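Worksheet: one structure, shown below.
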Amino acid sequence: MNRNLYSKLSKVCLKESPADLIFKDANIFDVYTGSFYGGDVAVKQGYIVGIGQGFRGNQIVDCKGKYLFPGFIDAHLHLESTMVSPNELISTAALCGTTSFIVDPHEACNVAGAAGIDYILQQSEKSPANVYVMLPSCVPSTNIDDNGATFLAKDMHPYLESPRILGLGEVMDAQSVLRINPEMWNKLESMDGKTLDGHAPFLEKEALQAYALSGIRTDHEAVDFPYALEQVRCGMHVHVREGSAARNLEAIVKGILREHIDTRSFSFCTDDKHIEDILEEGHISHSIRKAIALGLPVKDAYQMASINTANCYHLEHLGAISPGKQADLVLLSDPKKVDILSVYHKGKRIEKEEKIFIPRCPKDLKKTVHCSPLKAEDFHLPVLRRI
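Here the sequence shown is numbered in full-length UniProt numbering, starting from 1 and rising by one per residue.
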């Protein structure tokens, strides 16, 4: 934070000038201690600037003792698999309390290369939420793939200075890491302290340790608790996946409860979740609700949905309700049921009726599926033997 901004915000904190917005009489969830306490939350220019009583404000939200949480974070998802445009998905999921999305656009990039990444960044730029991007690591996905582009380490360099780029997307080709493939290691080494996402199902113990040794720090592919535990013991951060097809939350949460495991190395992600499932059951809100119903303590579930992920990706301005954090907030009537009353991004309420801004898709990204013309003989099948 620069001194000019601090000068404005600190005056509100010290009650020398009014806040833009005050959440009055809130039951505030403190992610640092896992506890609740009462108070008012003052917001100025999209930042939380003070917590307590006696603030003056231009706008008041009377919480009436309801529960105030930091906005939820989806630790890993592919916007392409939701079957709608990026901003439509983000706007819909934001109403479910998800105010930050960590996106891996490897599907768009495999079709269109850097233009696919640019499309995701441009489409989500004016979204009512924070949208961050991990640079796809496997384009093409394998060396036998027939796709539309390549995306090499040298192609990543122009993106690395952007604050919206958090690191390297899921490294699906584990063998290229273990066998020290030059191009893969060019990508790993180019990230310079940024987070490296993994994709490592079914690796044996020594191979998993060697994979983690490379600096890869996250994975969302654990389908059971023993493997998730093995990953955590390797120093990895496990994103508990609950999407449309892959639903691993129950198995992993039951293991956490059975073994009394600390949850600081766990977060929630959707990976691939269709829009109809989000409309029916929620987004990260569904993961929180389901985890609590399975017996996970309320504090652990909400920490997994916020501060754990923020810490994993070095998002120092997100994940908590404390001075200096961005005012991404969710007001709930019942934390166990995750009954959402309202959602705020940078101190602005996200309205259900608000018109969704959907930028036009560039012409170059249309008609990207190229098939050879079909002829009748293409459908002929060989006769292997006569019966």
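Beta carbons: idealized from backbone N, C-alpha and C, even for Gly.
All values reported here derive from a predicted model rather than from experimental measurement.
**Asked** Is there contact between the stretch 337-346 and the stretch 95-115, where contact requires at least three CB pairs shorter than 8 Å?
**Response** In this structure the stretch 337-346 touches the stretch 95-115; the number of beta carbon pairs closer than 8 Å is three or more.
- Flag this pair as yes or no: are the beta carbons of Ala228 and Ile261 separated by less than 7 Å? Numbered from its first residue, the sequence shown carries residue 228 at position 228. Numbered from its first residue, the sequence shown carries residue 261 at position 261. The beta carbons of Ala228 and Ile261 sit no closer together than 7 Å.
Check: Does the Cβ-Cβ distance between Gly148 and Val111 come in under 7 Å?
Finding: Counting from one through the sequence shown, the residue named residue 148 turns up at place 148. Counting from one through the sequence shown, the residue named residue 111 turns up at place 111. Yes, the pair counts as a contact, with Cβ atoms nearer than the cut-off.
Can we say the stretch 77-96 touches the stretch 352-361, given the rule of at least three CB pairs closer than 8 Å? Short answer: they touch.
Report task. Within its chain, find whatever has a CB closer than 7 Å to the CB of residue 431; leave out the 5 residues flanking it on each side and keep chain order. Result -> The requested residue 431 does not occur in the structure, where the chain is confined to residues 1 to 387.
**Prompt:** Any heavy atom of the ligand HEM closer than 6 Å to the CB of Gly57?
**Reply:** As presented, the structure is devoid of all ligands, the ligand HEM included, so that no description of it is given.
- prompt: According to DSSP, is Tyr47 helix, strand or coil?
  reply: Translated into positions along the sequence shown, residue 47 becomes position 47. In the structure shown, Tyr47 sits in a strand (DSSP, three-state: E or B).
Considering Cα atoms alone, identify which of His106, Asp364, Lys336 is closest to Met134. Within the sequence shown, the letter at position 134 stands for residue 134. The option with the nearest alpha carbon to Met134 is His106.
Short of 6 Å in beta carbon distance, which residues of its chain neighbour Pro18, apart from the five on each side in sequence? Order them along the chain. Reading the sequence shown from its first residue, position 18 is the one you call residue 18. For Pro18, where only same-chain residues beyond five positions count, the Cβ hits under 6 Å are Arg56, Gly57, Asn58.
Closest Cα partner of Phe266 within the set Asn248, Glu281, Lys44, Leu279:
In the sequence shown, counting from the first residue as 1, residue 266 sits at position 266. Nearest of Asn248, Glu281, Lys44, Leu279 to Phe266, Cα basis: Asn248.
Unbroken stretches of the alpha helix (DSSP H), 4 residues or longer, contained in the stretch 284-365: Runs of the alpha helix (DSSP H) spanning 4 or more residues and lying entirely within the stretch 284-365 occur at 284-293, 298-304, 307-312, in chain order.
- Message: Helix, strand or coil, according to DSSP, for Glu221 in the structure here?
- Response: Position 221 of the sequence shown, counted from the first residue, corresponds to residue 221. Reduced to three states, the DSSP call for Glu221 is coil.
Here's the rule I'm using: 16 or more other beta-carbon atoms within 10 Å means buried, otherwise exposed. How should Gly282 be labelled? Walking along the sequence shown from the start, residue 282 turns up at place 282. Around the Cβ of Gly282, a 10 Å sphere holds 16 or more other Cβ atoms; the residue is buried.
- Candidates Leu168, Leu14, Arg241, Lys336: which alpha carbon is nearest Pro201's? As a working note, residue 201 is residue 201 in the sequence shown. Of the listed residues, the one whose Cα sits closest to Pro201 is Arg241.
Just to confirm the assignment, what range does the beta strand (DSSP E) spanning Leu168 have?
Your numbering for residue 168 matches position 168 in the sequence shown. Residue range 165-171 is occupied by the beta strand (DSSP E) that includes Leu168.
For the beta strand (DSSP E) containing Ser100, list its first residue and its last residue. Residue mapping note: residue 100 aligns to position 100 of the sequence shown, counting from 1. Counted as a single uninterrupted DSSP element, the beta strand (DSSP E) harbouring Ser100 occupies residues 98-103.
Using 10 angstroms around the beta-carbon of Pro335, count the other beta-carbons present and answer buried if the total reaches 16, otherwise exposed.
-> Stepping through the sequence shown from its first residue, residue 335 is reached at position 335. Taking every protein chain shown into account, the CB of Pro335 has 16 or more other CB atoms within 10 angstroms, so this residue is buried.
Worksheet item: By Cβ distance below 8 Å, which residues in the same chain neighbour Phe36 in space, the five residues on each side in sequence not counted?
Response: As a working mapping, residue 36 is identified with position 36 in the sequence shown. Short of 8 Å from the beta carbon of Phe36, and not among the five residues preceding or following it, lie these beta carbons of its own chain, in chain order: Asn27, Ile28, Phe29, Asp30, Tyr67.
Practice item. Look at the alpha carbon of Gln326 and the alpha carbon of Gly46, and state the distance between them as a whole number of angstroms. Key: The residue you call residue 326 lines up with position 326 of the sequence shown. The residue you call residue 46 lines up with position 46 of the sequence shown. Answer to the nearest angstrom: the Cα atoms are 6 Å apart.
message = Just to check my reading of the structure: Thr92 and Lys273 have Cβ atoms closer than 8 Å, yes? What is that Cβ distance to the nearest angstrom?
response = As a first step, residue 92 must be located in the sequence shown, where it is residue number 92. As a first step, residue 273 must be located in the sequence shown, where it is residue number 273. Not a contact, Cβ separation roughly 11 Å.
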